[in-house]
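In order, the protein sequence lines correspond to chains A and B. Each step along the first sequence adds one to the number in numbering that gives the first Met the number 0, with nothing skipped, and position 130 is 129. Each step along the second sequence adds one to the number in numbering that gives the first Met the number 0, with nothing skipped, and position 206 is 205. Even glycine gets a Cβ: it sits at the ideal position worked out from N, Cα and C. Small disclaimer: the values here were computed from a predicted structure and weren't measured.
2 protein chains.
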Amino acid sequence: MALTKAAILSTGDELTSGRTLDTNAGFIAERLVATGFDVVAVLVVGDYRERIAWAWNQALAQADVIISTGGLGPTADDLTNETLAEIADKPLVLDEEQAQRIRQMFAAMGRTMPENNLKQALLPEGSIVIPNALGTAPGFRLDIVRDGRVGRCFALPGVPREMKPMLEERILPLLQELRGTRDVYRSHTFQTFGISESALDELVAGAVDPALGRIAFRAAFPQISVRVTVHGPPEGVDARLSEAAERMRERVGPYCYGEGDVTMEAAVGELLTRNGATIALAESCTGGLIGHRLTDVPGASSYVLAGVVAYGNRAKMDVLGVQRSTLDRYGAVSNEVAVEMANGARRIGNATLGLATTGIAGPTGGTAEKPVGTVHIALCSAQRTFAHRYQLWGNRQWVKLLTSQIALDWVRRVLVGEDPTASAILRR
Amino acid sequence: MALTKAAILSTGDELTSGRTLDTNAGFIAERLVATGFDVVAVLVVGDYRERIAWAWNQALAQADVIISTGGLGPTADDLTNETLAEIADKPLVLDEEQAQRIRQMFAAMGRTMPENNLKQALLPEGSIVIPNALGTAPGFRLDIVRDGRVGRCFALPGVPREMKPMLEERILPLLQELRGTRDVYRSHTFQTFGISESALDELVAGAVDPALGRIAFRAAFPQISVRVTVHGPPEGVDARLSEAAERMRERVGPYCYGEGDVTMEAAVGELLTRNGATIALAESCTGGLIGHRLTDVPGASSYVLAGVVAYGNRAKMDVLGVQRSTLDRYGAVSNEVAVEMANGARRIGNATLGLATTGIAGPTGGTAEKPVGTVHIALCSAQRTFAHRYQLWGNRQWVKLLTSQIALDWVRRVLVGEDPTASAILRR
């Protein structure tokens with residue numbers, strides 16, 4: 000079954016000048032894909048009639064459904080209505096009902112409507128209005144026949160809070176019908192750590208028959224995720240997804256910290272909660288990043304009991320109880336100090352687990368023996384203590400991020416009964 | 000002088016499926032516009048050879064300069080190199096130097112390079128490498144002649160932290176030359192906080208004669224920046240920029256925390272250093288975010304002396320010395336507790352300044368009296384103590400971010416001799 004093809008248009012000088020980030024296109028794309036459409040292109044152009052016309056013409060040549068945002072406002076640089084009328088070879092006609100509604104909206108605010116606002120009610124002949132409950136500009140639908148094929152064109156305002164309900168409540172249900180198939184799409188995502196995207200690619204190659212499902216990767220470090228998508232009639236699709244997911248699971252298992260849209264910090268939080276465990280942190284080189292990430296998860300207050308950012312030796316000794324003799328003998332960046340920091344944090348927080356990081360994030364502070372990127376992680380519980388040295392790379396922010404990710408992965412592995420130091424492929 | 004036309008391409012299924020927000024196109028657009036280019040279109044396509052080819056062909060038909068991101072990875076769905084080779088009618092050739100570099104990057108991590116990684120060093124014949132200091136995929140430049148016109152094509156990786164320095168350090172200086180005019184563009188940026196983008200727009204309206212310079216905004220909260228750009232022959236341009244910047248400075252002064260590409264945390268770090276001051280943190284609702292932000296700045300270890308993440312009451316009492324009677328009487332989310340936290344942090348760290356946050360980040364934990372978004376900030380020195388309650392909005396991550404930004408702005412204002420509580424327009 001061929002997918003119905005869709006294109007997305009975003010119009011506005013604020014987008015092509017980088018002044019505003021286009022979040023509409025991604026939002027619409029996500030909804031279209033979930034509805035079974037294949038998004039062939041996103042086209043973004045500024046407020047010029049010939050560029051908007053180019054974008055519509057390109058979209059009409061490739062897609063059956065086109066969803067546009069922007070250019071519906073009252074000012075001279077809002078050109079979507081008139082450009083689309085030109086492309087469709089239709090006159091602009093005043094929609095009296097919409098004109099009336101716009102007048103009423105101004106009256107309700109106690110203001111007189113500037114005459115240029117009526118421009119928003121001038122729609123290409125044959126358009127069907129898509130009401131805008133939250134703003135003056137109505138959206139509209141217009142079918143344009145091109146090379147014997149009907150292009151379903153939808154014009155929506157660029158303001159996200161106006162656009163979103165119009166898309167979800169009016170357009171998506173209509174598109175379900177237009178697709179003319181019962182087939183649905185279902186996907187399942189695995190979150191991984193400790194494996195590169197290319198190695199992951201090799202690992203899952205052949206896991207799923209291409210006829211059964213499609214595998215896609217997404218690397219937004221520290222998250223590398225792999226998603227399998229299946230499609231078909233509603234009856235069988237869930238079973239097929241389960242089957243495909245199970246084949247993926249067999250391959251990615253050792254590197255997978257969660258399934259679905261879960262972050263490492265959320266996965267760790269869930270494991271801590273499930274085990275009735277709590278954690279206290281002693282952060283040197285990560286500077287608070289581990290605490291920040293863990294507390295981004297709602298409910299973290301029940302298991303993050305305390306954290307200490309101990310950058311200098313004094314804080315390490317005074318707050319965490321690290322021995323001066325340990326600092327003198329091994330240096331602040333050492334397994335020995337990391338272990339004393341972790342124990343100190345655990346004691347202060349009266350927590351099940353103590354986690355510590357100490358290292359050289361750079362760009363300065365490195366030595367021949369301990370170059371920039373040298374990081375020690377320690378994790379202790381009442382029963383066991385783990386510590387390890389890593390040699391990481393990249394700039395300061397990167398070393399911090401990578402250290403926080405490895406440290407959180409340690410917590411996860413300890414909670415599922417693994418030796419954390421044996422696991423990460425990133426170790427030297 | 001006509002501006003040179005540019006187009007931006009973004010490639011990746013994760014973009015056309017809405018799984019990843021495309022932030023690259025906006026970033027590149029902003030830089031191109033500041034360099035004097037007119038961005039005629041942004042084209043986003045998935046990982047299909049024919050769609051990528053369509054995007055390049057469309058871009059070549061309209062633009063003199065094309066900047067593409069994505070599709071340079073090692074996996075089978077990374078198609079930019081081969082598609083561009085096809086369009087240019089050139090073979091792919093292995094760049095030995097880049098192949099060697101990729102092998103070395105893997106060796107440095109103690110890993111064996113999967114053979115598919117070599118794909119990244121296969122470039123269209125005639126390409127000029129744009130080195131990637133932070134990742135395996137090299138970027139490259141390729142000139143393609145189309146209808147007697149040279150299209151300057153640039154292919155960059157999709158990972159923003161890899162792409163950005165390649166654009167700024169390598170491509171933009173080259174584009175300055177390619178523009179084929181002696182005129183140069185110079186711009187100056189002001190970073191602001193405590194004012195909305197539209198209010199900022201009104202504030203600077205008319206500050207600079209449009210014939211002299213152009214004003215552009217960029218809102219990527221918590222940063223709202225305004226940039227003034229002047230252009231002209233090299234001789235006079237710096238003086239004109241100074242003049243324009245001075246006029247802007249008069250307007251934005253009260254809201255400006257830094258000039259240039261400075262972050263709030265870097266501005267605060269610089270002020271602490273210049274004043275010989277140090278800081279200690281007591282973070283409850285921000286969970287380590289302030290420490291994380293401050294320690295993202297190289298050299299932060301000289302002024303961030305200690306930090307405590309004190310989520311629960313126990314840590315507030317045991318580590319920071321908050322009185323049980325204060326907690327009982329005012330509750331953990333109060334000015335009184337915030338002040339005791341700040342004093343405790345200052346004492347522990349033996350620092351010039353103590354900074355504390357306590358609040359309800361949500362989504363749960365709010366009450367009628369202290370709803371979600373209630374945040375108290377306290378800042379103390381040997382001489383003075385400040386505390387204030389804010390009513391913030393948004394989700395958990397947003398409340399944390401906004402709180403960290405206000406708190407850092409307090410430190411900045413205190414160090415320049417202002418009353419921090421009197422400044423933020425966000426106060427209730």
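So what does DSSP say about residue i, is it helix, strand or coil?
i, result
"A/V410", "helix"
"B/L319", "coil"
"A/A6", "strand"
"A/F26", "helix"
"B/T356", "strand"
"B/I278", "strand"
"B/Q382", "coil"
"B/L425", "Legend: pLDDT at B/L425 = 46, less than 50; position of this residue unreliable, no value from coordinates given."
"A/L240", "helix"
"B/I194", "coil"
"A/Y256", "strand"
"B/M0", "Residue placement at B/M0 is poorly supported in this model, since its pLDDT is 40, which falls under 50; the coordinates are not used for a value here."
"B/D327", "helix"
"A/F216", "strand"
"B/E13", "helix"
"B/G150", "strand"
"A/D37", "strand"
"B/S186", "strand"
"A/R140", "strand"
Could you pull the start and end residues of the alpha helix (DSSP H) that residue i belongs to?
i, result
"A/Q119", "Premise fails: A/Q119 is in no alpha helix (DSSP H) and is neither H nor E."
"A/T228", "It is not in any alpha helix (DSSP H) - A/T228 instead sits in the beta strand (DSSP E) that spans Q222 to G231."
"A/L171", "L171 to R178"
"B/V338", "N334 to G348"
"A/A87", "T79 to A87"
"A/R100", "E95 to A107"
My assumption, with CB atoms under 8 Å, is that residue i sits in contact with residue j. Please give the rounded CB distance.
i, j, result
"A/T452", "A/H387", "Lying outside 0 to 427, the shown extent of chain A, residue 452 of chain A is not represented and no answer is given."
"B/I289", "B/T356", "7 Å"
"B/F139", "B/L122", "5 Å"
"A/T10", "A/I51", "6 Å"
"B/I214", "B/I170", "The Cβ separation is near 24 Å, so there is no contact."
"A/G15", "B/A28", "In the sequence under discussion, the amino acid at residue 15 of chain A is Thr, which differs from the Gly named in the question. Contact flag correct, Cβ pair sits at about 6 Å."
Does the separation of the CB atoms of residue i and residue j fall below 7 Å?
i, j, result
"A/A305", "A/A337", "no"
"B/K315", "B/V308", "no"
"A/G298", "B/G25", "no"
"B/N515", "B/P73", "In this structure chain B extends from 0 to 427, so residue 515 of chain B is not present and cannot be described."
"A/L91", "A/T79", "no"
"B/T3", "B/D94", "no"
"B/V374", "B/G358", "yes"
"A/V203", "A/R248", "no"
"B/G134", "B/V149", "no"
"A/Y254", "A/G193", "yes"
"A/A198", "B/P113", "yes"
"B/A87", "B/I143", "yes"
"B/I54", "B/L8", "Reading the sequence as shown, one finds Ala at residue 54 of chain B and not Ile. Yes. Within cutoff."
"A/G257", "A/Q190", "yes"
"A/V318", "A/K369", "no"
"A/E196", "A/F220", "no"
"B/L407", "B/L391", "no"
"B/G286", "A/T294", "yes"
"B/M162", "B/L173", "no"
Can you tell me where the beta strand (DSSP E) with residue i in it begins and where it stops?
i, result
"B/G268", "Not the beta strand (DSSP E): B/G268 falls in the alpha helix (DSSP H), residues M263 to R273."
"B/T68", "V64 to T68"
"A/A58", "Careful: A/A58 lies outside any beta strand (DSSP E), inside the alpha helix (DSSP H) at R48 to Q61."
Below 6 Å, is the gap between the Cβ of residue i and the nearest heavy atom of the ligand HEM?
i, result
"B/W392", "Summarising the ligand content, the structure contains no ligands, and the ligand HEM is consequently not present."
Q. So, do the region 326-340 of chain B and the region 258-277 of chain B have three or more beta carbon pairs nearer to each other than 8 Å?
A. Segment contact: the region 326-340 of chain B against the region 258-277 of chain B, fewer than three CB-CB distances shorter than 8 Å; contact not assigned.
Q: Inspect the CB distances between the region 29-38 of chain A and the region 168-187 of chain A and report whether three or more fall short of 8 Å.
A: Yes, the region 29-38 of chain A is in contact with the region 168-187 of chain A.
Q) Taking contact to mean at least 3 C-beta pairs separated by less than 8 Å, is the region 240-247 of chain A in contact with the region 219-228 of chain A? A) The answer is yes - the region 219-228 of chain A touches the region 240-247 of chain A, with three or more Cβ pairs under 8 Å.
Q. Would you say the region 403-414 of chain A touches the region 365-379 of chain A, given that touching needs at least three Cβ pairs under 8 Å?
A. Yes: the two stretches touch, three or more of their Cβ pairs being nearer than 8 Å.
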